[in-house]
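Asker:
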Amino acid sequence: GQFLYCGKKATLQIGNILPVGQMPEGTVICCMEEKSGDRGRIARASGNYATVVSHNPDAKKSRVKLPSGAKKVIPSTNRAMVGIVAGGGRIDKPMLKAGRAYYKYKAKRNCWPKVRGVAMNPVEHPHG
């Protein structure tokens, strides 16, 4: 198996957890803390990652590019895991049948099936 190390003295290897301020610019990270000590809130979905953009040692802040493309300034003491979350490309595979979509959306909010107004009769919808 693989040994994972956590803390300030951990080496910069995939899977290790260390403060963002100790990582060089351009490092790909995941499971990043938004506030110090919240155990990782950002970039946790399958295939997601964030990137360390820059550091400000005077203010002890680091600038990070999030999976959405937005850039966020966080404290340099916040911890993050080096690497990318597993399971990338999960959404590229087609569902192929309605039953798989049914079980996918059953676990979420009631947003399936979504019937278009154009497909309805005129008495049922203004777009019919």
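If you use the working numbering, the sequence shown corresponds to residues 145 to 272, in order.
Note that beta-carbon positions come from the ideal geometry of N, C-alpha and C, so glycine has one too.
Since this is a predicted model, take the numbers as computed values, not measurements.
Taking Cβ to Cβ, would you say N222 is nearer than 9 Å to S206?
Answerer: In this structure, S206 lies closer than 9 Å to N222 by Cβ.
Asker: In angstroms with no decimal places, state the Cα-to-Cα distance between Q220 and R188.
Answerer: One detail in the question is off: residue 220 reads as Ser in this sequence, not Gln. Approximately 19 Å between the Cα atoms of the pair.
Asker: One question on the structure: do Q166 and K179 come within less than 9 Å of each other, judged by their Cβ atoms?
Answerer: No, Cβ-Cβ distance for Q166 and K179 is not below 9 Å.
Asker: CB A194 to CB P211, shorter than 9 Å?
Answerer: In contact: A194 and P211 (Cβ atoms closer than 9 Å).
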